[in-house]
Each structure stands twice: as structure tokens, then as C-alpha cells.
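First up is the structure itself, then whatever we jot down about it.
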Amino acid sequence: MSDTNAQQIITGQVWVFGDEINTDNMAPGIYFKEPMDVRAQHCLEAVDPDFAANVKPSDIIVGGKNFGVGSAREQAAMAFQYLGVGAILAESFSRIFYRNAINFGLPLLIFPAADEIEAGQLLEVDPVAGSVKNLTSGQAWQVEGIPEHLMEMINAGGLMPWLAKKYAVND
Amino acid sequence: MAQTLVQKIIARAAGRESVRTGEIVTCQVDLALLLDSGGPRRIWPRLKELGVGVWNPDKIVLMTDHFVPAVDPQSAAILKLTREFAAEFGIKKFFDMEGIGHVVLAEQGLLQPGMFCVGGDSHSTNGGAFGCYMAGFGAIEMTGVTVTGEIWLQVPETIRVNWEGNIQRGVAAKDMSLYLCRELGMANAFRAIEFGGSTVAAMAMAERMVLTNMATELGAETGLVTPDETTLAAIRAAGVEPAADALDWRSDADAAFLATHEFDATSLIPQVAAPHKPSNGGPADDYCSVQIDQAYIGACVGAKLSDLHMVAEVLKGRKVSRATRLLVAPSSKRTMAEAAADGTLATIVEAGATLLPTGCGACAGLGAGVLAEDEVCISSTNRNFQGRMGANSSQVYLASPYTVAASAVMGHIADPRELLF
């Protein structure tokens, strides 16, 4: 497997969401029996009906407190991965959503200044350095970065592809 | 740099002198608990996909508890596959139908202060009562651990919770836990809760495990109790010698806690959590008008020997009300044997209770004792989310074993102190 999907800097347009966006919002239970592409089209529809149809690859989600609160359903993180979301920044995350997202290959940063960012602005995120630049407003922030070895897993596409790659190399 | 207990354990497991809170590190796992629920049936297909085996069969502990005993061909197949997994990978610490995993770990002396342990079940926090790190993870992460023996985590902040004074007769650790769910809320993600104070210092291990078990209801990464002589005695009672450095595992005196909460145990009265979440409730007294269809003693958190002793203390010389039913599913085979030997089971059965097999049972809606539409149950288990214990419209109240037993006698929710004085 090559490193074609490896990327250290993510640049994308911002989608802003508020506090306590829950996993039912991200992956509504009534669509659980539908395939991934259908489930993803309903991601966050209760909060923003335009999101799923209009989000572009590498767009960046900015959320408030306890982002991903709720059940352990991994479909929530999978929906963002499927839609090509580049990174998620939030004031805080629920523990299980946070871990699921990283394990499905999504970079997540705890970002206290979420309320200083507006929808539609262009952000540049270096998840390893923990640096966030608002290319629209010129503001810049420094937060805790994701260690390189964890980023290696994220760049591989998540835990399972990373393990597959690791053990293929060892063979 | 001053460190909390959880920081010290994580630093050791990450091969570091110290770690900062918020930092992400990779830890080497000392013990991985796999259960029939999210264990081999989810992990084995992924191992096949990867073409790999397990990293170290001696560090994996495998238990069957969620689907035991089998009630249909599906649960029988899950148990069969779990047994085949143990044989295929040479897992010697395989405990088949011996009891609920979190309880059997303690009984077998498999937990030592300072260990870094993970489990494929949210109530894995139970193990933190031994002064080790133990937290729950999803099946995909447990697959990663099974293959690599390591896991990444973000070093949590610690909230210190001190309970002071003697608890009243008829009040138990479960009441403290339900009270805490309301006081601290259920959104303490990425935080460890360290329980201390004179009340906790005086508690037996079984009661300390109730506090750490329900740390997961607080949303916490894990719950811990600083190891002391009680911890060492529990390890010795399991036939294992405590680690030489066991008592060294404690937070530094000047360690920084995110918050420190002080609670007065002397004024705590019996609590219940009302449907449909553990943080929803109040004093048992406020719910005396609630008639119950079923009283249930079970689960890792609420059916150990000490819990059955509480039940027997209330039931002694009394009968379960004809208006309700009392089901008792002891937490482990050993609990069952000890309760049989000391007369506790006889007292419970003579009072009219129905004895169920050991296992997770109705707590997770998997075994005997599930509820019909609109039925009301009071339960010594740890979660009362809607539909968890049966039909969607069923109503589950959580309480201590004392309160569940008193309610079984009265036929409605009752404060056990009325029967104990």
C-alpha cells in the first residue's frame, strides 16, 4: 500500500456546529439498515439539512462542547470519513466518538477558540504541529497536536488499514 | 513534576518518566479483558482479514458472561466460537461461565496496583478499585490491542472525589454512586475519577468496586482508588502475592487535580435513579408511591457476596410481596458457592426469591428476567437507559441491594432503613 492519502496539512472550508452535537444527529438510527452512502446523506440533517449534500472533501468541521455525545455507534465517525471531512475541531469531544473518529482515520483537535471561527471561512490545519490558521481572518492558534505515530494511523485511513499495512510490511 | 496516580500508571506503560495531561501517548497493555459480547466474535474475523494472531495469549483474559447460559442457537453459537478462539490461540486465562468478567478478574487476583489494563466492555472501570488503570474500549480498538498489545490514549485529568465519615446503616456505595451521577453529571469524558477520603478508606474492596464500576456512568475514562492494606488483603485472599511496589502507586501530595469534591457520607440516605438515566433521581423516600412489577439483584455492580449479604439482611424473616417478584442472579460462581455456604442463599430463597444463573443476564437485556411493555423494575444494576432491560416502555429504577430488597418486600419502592431499624 502506498502513502498516496498521506497529508500533513489540511486546508478546507469551515462548517460550524454548536454544543452537544450527538451521534444520533450524525448517524440517525432510522437509517441504520441503509448502506453507507445513504446513511452519510442524512449525517447532521436535523442540525443542518444542507450539510451532507454540500460538504466537500477536506472541509473542516468546527464544533462546540461535548461533540459526539451519545452512543458508541461507530457509524457516526464513519459518516464524516465517507463524506471526506478533513478534520474536526471542537471545544471538547465525547470520549468514545473521539476514539472512534481517530480509529476511522479522522484527525480531531481539541480547540478552545471554536466560537471565534465562522462558517465558510478557510482554515489551514496542521494536526501534528497543532497549528490552526484562519486564512480568511488571518487569526492563528496553537493547540495540542496529534503525535506523528498516531497521525501515521490516521493517514493510513484508520486502525484496520494501518494494521493491514503494518503486518503486510512485516511479512 | 508532580503526577496523579493515573498519570504515573500511564507514564510507566508508555515507557516514560512522566506524562502531561492532554498529551497523546501509546501504552503497552499488561492485561486485556475480552468478553463473549464484543470479543472473539468481532475480533476473530478481523484477525483473519489481517492474517495475524494474538500478540501475547498470556496477557489476554477471556470470559463468557453476557450470553451465558445460552438461551437460543445464536447465543450458543457465540459461546461456541468464544471457546474455539481460546483453544485456537492458547488462551490459558479463559474463564467459561465462571461469572461476570469484572468480578472474576478480582476473584482471580489478576489485577495489581499500577497495572495498565483494558477491557472490551464499558464497565471495565470496575478494575480501577485495585489502583490500576482499567478502561473500556470498543471492539475495533480491542482488535488493535489483541494484535499489537498497545493502545493510544490521551492522558486524562483527574477529578478527586473525597467521601468523609461513616455511612448510615442501610446505605451503600451504590447510593454514593447514584448521588455522584447527579452531582458530577455524566459528561466527564477524558477524565479519571480518583475516589478517596475516610469513607472509601474504610470500605471493603467489593464496595470500592461499585464506585469505580459506575465511574463509567459519569462518562469518565476510568475510576481509581489508591491502593492500601485492604487492596493487598484482597489480592492475597485471591491467592496471589501483591506486587512489591503495590503501595507506591498513589498520586503525589502536590499533584494537580482538575477539581476536588468533598462529600459528607454521614448524611447520605438511600438513593434511586429514575428512568431513563443514572443521573435522574433522588432519595428513595421520594419514590415510595412507585409500585414495582419486578425487583432484580444482578450484574457486576450489584450481586457480589457483599450485595447478597445486604439483600439477606433485609429479607431475613420476611417474604417478598405477592404484588411483585424478586430475581437474584449472583455475580459469579464463587459468589454463589460462598453465599450457599454461609446461609445467605437459603435466606434469600426462603423469602420467595427466584435464583437465576450467574452472568450479565437481564442487566443488558440478554438473559432471564427481561421486562414486558410498561413493567416497572427496581434493580441493583448500573444502567437504566430506555429499553436496556427489555421492552421499550419498561421503566427501570436503579438502587442499592438494600433498597431493591426492601422494595421487594413492600411491593413498592421503599427506604430500606425502615426495615433495618
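Chains as they are written, first to last, in our numbering: chain A, 1 to 171; chain B, 1 to 421. Using N, Cα and C, we set each Cβ at its ideal position, and we do this for glycine too.
Around the Cβ of residue 266(B), are there at least 16 other Cβ atoms within 10 angstroms (buried) or fewer (exposed)? Looking at its Cβ environment, which holds fewer than 16 other Cβ atoms inside 10 Å, residue 266(B) is exposed.
Using a Cβ-Cβ cut-off of less than 8 Å, list which residues of the stretch 17 to 46 of chain B approach chain A; keep chain order. Of all residues in the stretch 17 to 46 of chain B, only 22, 23, 24, 25, 26 and 46 place a beta-carbon less than 8 Å from a beta-carbon of chain A.
Tell me, which residues are paired with residue 281(B) by DSSP? DSSP lists 273(B) as partners of residue 281(B).
Check the Cβ-Cβ distances between residue 155(A) and every residue of chain B, and say whether any is below 8 Å. Not an interface residue.
I think residue 257(B) touches residue 21(B), with their Cβ atoms under 8 Å apart; what is that distance to the nearest whole Å? In fact, because the Cβ distance is near 10 Å, the residues do not count as touching under 8 Å.
Run through the DSSP bridge pairs and tell me what residue 63(B) is partnered with. Beta-bridge partners assigned by DSSP to residue 63(B): 35(B) and 95(B).
Who pairs with residue 59(A) in a beta bridge, going by DSSP? DSSP lists no partner for residue 59(A).
Does any CB atom of chain A fall closer than 8 Å to the CB of residue 125(B)? Not an interface residue.
Option nearest residue 9(A) by Cα separation, candidates 89(A), 126(A), 141(A) and 133(A): Ranking 89(A), 126(A), 141(A) and 133(A) by Cα distance to residue 9(A) puts 126(A) first.
Using a Cβ cut-off of 8 Å (strictly closer), state whether residue 94(A) contacts chain B. By this cut-off, residue 94(A) is an interface position.
CB of residue 335(B) within 8 Å of CB of residue 303(B), strictly: In this structure, residue 303(B) lies closer than 8 Å to residue 335(B) by Cβ.
Beta carbon of residue 409(B), beta carbon of residue 349(B): below 8 Å? Contact flag unset, no.
For a cutoff of 8 Å on Cβ pairs, would you count residue 164(A) as touching chain B? Yes - at least one Cβ of chain B is within 8 Å of the one on residue 164(A).
For residue 297(B) and residue 376(B), which I take to be in contact (beta-carbon distance under 8 Å), what is that distance rounded to the nearest angstrom? Between residue 376(B) and residue 297(B) the Cβ distance is about 16 Å, and since that is not below 8 Å, they are no contact.
Nearest chain A C-beta to residue 144(B) closer than 8 Å, yes or no? Answer yes: the Cβ-Cβ gap between residue 144(B) and chain A drops below 8 Å somewhere.
Using the beta-carbon of each residue, which ones in chain B are nearer than 9 Å to residue 160(A)? Near residue 160(A) (Cβ distances below 9 Å), the residues of chain B are 46, 49, 50, 140, 143 and 144.
Interface residues of chain A facing residue 152(B) [CB-CB closer than 7 Å]: Neighbours of residue 152(B) on chain A, chain order: 150.
Residue nearest to residue 323(B) in terms of C-alpha spacing, selected from 215(B), 290(B) and 36(B): Each of 215(B), 290(B) and 36(B) was checked against the Cα of residue 323(B), and the nearest Cα belongs to 290(B).
Classify residue 195(B) as buried or exposed, calling it buried when 16 or more other Cβ atoms lie within 10 Å of its own Cβ. Result: buried.
Check whether the stretch 79 to 95 of chain B touches the stretch 112 to 129 of chain B, counting contact only when three or more Cβ pairs, one atom from each stretch, lie closer than 8 Å. Too few Cβ pairs lie closer than 8 Å, so no.
If you measure from the beta carbon of residue 38(A) to each beta carbon in chain B, is any gap under 8 Å? Answer no: the Cβ-Cβ gap between residue 38(A) and chain B never drops below 8 Å.
When DSSP labels each residue in this structure, what does residue 75(B) get in the three-state scheme? In this structure, DSSP gives residue 75(B) a helical state, which the three-state scheme calls helix.
Looking at the structure shown, is residue 29(A) part of a helix, part of a strand, or coil, going by DSSP? Residue state for residue 29(A) is assigned as helix, using DSSP reduced to three classes.
Three-state secondary structure (DSSP) at residue 18(B)? In this structure, residue 18(B) counts as coil in the three-state DSSP scheme.
Kindly indicate if chain B contains any beta-carbon less than 8 Å away from that of residue 82(A). No, its Cβ sits nowhere closer than 8 Å to a Cβ of chain B.
Which residues bound the beta strand (DSSP E) around residue 264(B)? Looking at the DSSP string, the run of the beta strand (DSSP E) that includes residue 264(B) is 259 to 264.
Using the rule of at least 16 other Cβ atoms within 10 Å of the residue's Cβ for burial, across every protein chain shown, is residue 135(A) buried or exposed? Exposed: under 16 other Cβ atoms inside 10 Å.
Excluding sequence positions up to five away, which residues of its chain have a Cβ less than 6 Å from the Cβ of residue 44(B)? The residues are 85.
Same chain only: Cβ atoms within 8 Å of residue 50(A), ignoring 5 sequence neighbours per side: Only residues of its own chain outside the window of five on either side were considered, and among them none has a CB closer than 8 Å to the CB of residue 50(A).
Could you tell me whether the Cβ of residue 10(A) comes closer than 8 Å to any Cβ of chain B? Not one chain B Cβ lies under 8 Å of residue 10(A).
Can you list, in chain order, the residues of its chain whose CB lies under 7 Å from that of residue 20(A), leaving out five sequence neighbours each side? Cβ neighbours of residue 20(A) beyond the five flanking positions: 65, 66 and 69.
Helix, strand or coil for residue 373(B) per DSSP? Three-state DSSP puts residue 373(B) in coil, outside helix and strand.
Closest to residue 157(A) by C-alpha separation, out of 84(A), 168(A) and 115(A), would be which residue? Nearest of 84(A), 168(A) and 115(A) to residue 157(A), Cα basis: 84(A).
Use the C-beta contact count for residue 48(B): other C-beta atoms within 10 angstroms, 16 or more gives buried, fewer gives exposed. Residue 48(B) should be labelled exposed.
Cutoff 8 Å: residue 6(B) Cβ touching any chain A Cβ: Using a CB distance cut-off of 8 Å, residue 6(B) does not count as an interface residue toward chain A.
In its own chain, which residues sit with a C-beta less than 7 Å from the C-beta of residue 94(B), not counting the 5 before and 5 after it? If we look at residue 94(B) and ignore the five residues flanking it on each side, its Cβ neighbours are 62 and 86.
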